[in-house]
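Chemist:
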Amino acid sequence: MQQELANLFKNNIKDLICAELKIINDKIDSFQEAISFINTQYEEIKNILQEKSTMISTLRTENDKLKKDVKDLGNRLNIMELHMRDSNIEINGIPENRSENLANTLNQLAKIVNYPLATEDIQLITRVAKISRDNNRPRAVIAKLRNPRQRDAFLAAVMKYNKANADKKLGTQHLGIGGAHSPVYVTEHLTPENKSLHAATRKKAKELSYKFVWVRNGRIYVRKDENCQQLFIKSIDTLSLLN
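When the letters of the sequence shown are read in order and numbered with UniProt numbering, they come out as residues 1 to 243.
#1: Just tell me which of Arg219, Leu241, Lys211 has its CA closest to the CA of Thr187.
#2: At 4 residues or longer, what runs of the alpha helix (DSSP H) sit wholly inside the stretch 18 to 96?
#3: Would you say Arg137 and Asp121 are within 8 angstroms of each other, going by their C-beta atoms?
#4: Kindly provide the ranges of any alpha helix (DSSP H) runs that are 4 or more residues long and lie completely inside the stretch 145 to 199, ordered along the chain.
#5: Ala166 to Leu59, Cα distance in whole Å?
#6: Relative to the C-alpha of Ala205, which candidate in Arg216, Phe232, Phe154, Asn97 has its C-alpha closest?
#7: Over what stretch of residues does the alpha helix (DSSP H) that includes Leu239 continue unbroken?
#8: Are Asn92 and Tyr185 closer than 8 angstroms when you measure CB to CB?
#9: For Asp86 and Leu190, I'd like the C-alpha separation in whole angstroms.
#10: Using 8 angstroms as the threshold, is the C-beta distance between Lys144 and Gln173 below it?
#11: What is the residue span of the alpha helix (DSSP H) that Thr105 lies within?
#12: Let me confirm a value: Tyr115 is counted as buried when at least 16 other C-beta atoms fall within 10 Å, else exposed. Which label applies?
#13: In whole angstroms, give me the CA-to-CA distance for Val128 and Thr54.
#14: Does DSSP put Leu124 in a helix, a strand or coil?
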């Protein structure tokens, strides 16, 4: 009797253990399936991320190339515009008048600075639109002369006059324009890009106490003082090299 009870108890324990083990095995199988699914998903996500990473790297390379191409095209366009303007002078500070004759004004200006300018030397003269409508100053006057050499000679005459008359440089009264005397500036006709660079250069030069900033053939130069070498400001990045 005792043996039968022992066997029955033993079998019951065995059945219970088997049942529990089956539950555990089922859970392990389910867990392994979940792990396998997660691994599959992980590999898929990993592959997708790798593809995206490769795509991003390719796009960055293409973007860098496009930036370089745009910069190169911008430089080429700037050079072309410089060549188109290499016979031009820009005059700022002349008040506007409906009945104005700009060719006569330029001839008068040439006489003042003692430059022999003939009427036929003026290929074209006109006012140009303002960059900003909020600017209250008169529109600039652009004059196209026969060639770059004539333009340079005219600018040299203006510079010589202003240097000799430092206390009363070229201005509106010299041109017979009434009202308070205000300066008239005669410069090279810069491209919009070089105008912005010139303005930024003047600002930087003032901050760093550079004495000289000038333009020659559309190029911008600086010199800290009489004992320093001139520096060519090629782009806005060049300004960060000044000290």
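Positions of the beta carbon are idealized from the N, C-alpha and C atoms, including for glycine.
Modeler: This is what the structure holds:
#1: On the sequence shown, position 187 is the one that residue 187 refers to. The candidate whose alpha carbon is nearest that of Thr187 is Arg219.
#2: none
#3: Residue 137 sits at position 137 when you count from the first residue of the sequence shown. Residue 121 sits at position 121 when you count from the first residue of the sequence shown. Result no, Cβ atoms of Arg137 and Asp121 do not sit closer than 8 angstroms.
#4: 148 to 164
#5: As a position in the sequence shown, residue 166 is number 166, starting the count at 1. As a position in the sequence shown, residue 59 is number 59, starting the count at 1. C-alpha separation (whole angstroms): 57 angstroms.
#6: The count along the sequence shown starts at 1 and reaches residue 205 at position 205. Checked all of Arg216, Phe232, Phe154, Asn97; the closest Cα to Ala205 is Phe232.
#7: Position 239 of the sequence shown holds residue 239. Leu239 -> no alpha helix (DSSP H), and no H or E assigned at all.
#8: As a position in the sequence shown, residue 92 is number 92, starting the count at 1. As a position in the sequence shown, residue 185 is number 185, starting the count at 1. Yes, the Cβ-Cβ distance between Asn92 and Tyr185 is below 8 angstroms.
#9: Your numbering for residue 86 matches position 86 in the sequence shown. Your numbering for residue 190 matches position 190 in the sequence shown. Computed Cα separation, rounded: 9 angstroms.
#10: Counted from its first residue, the sequence shown places residue 144 at position 144. Counted from its first residue, the sequence shown places residue 173 at position 173. In this structure, Gln173 does not lie closer than 8 angstroms to Lys144 by Cβ.
#11: If you number the sequence shown from 1, residue 105 lands on position 105. It spans 102 to 112 - the alpha helix (DSSP H) in which Thr105 sits, taken as one unbroken run.
#12: The residue labelled residue 115 in the question sits at position 115 within the sequence shown. With 16 or more other Cβ atoms within 10 Å, it is buried.
#13: Here residue 128 is taken as the residue at index 128 of the sequence shown, counted from 1. Here residue 54 is taken as the residue at index 54 of the sequence shown, counted from 1. About 50 angstroms.
#14: One-based indexing of the sequence shown puts residue 124 at position 124. Strand, per DSSP.
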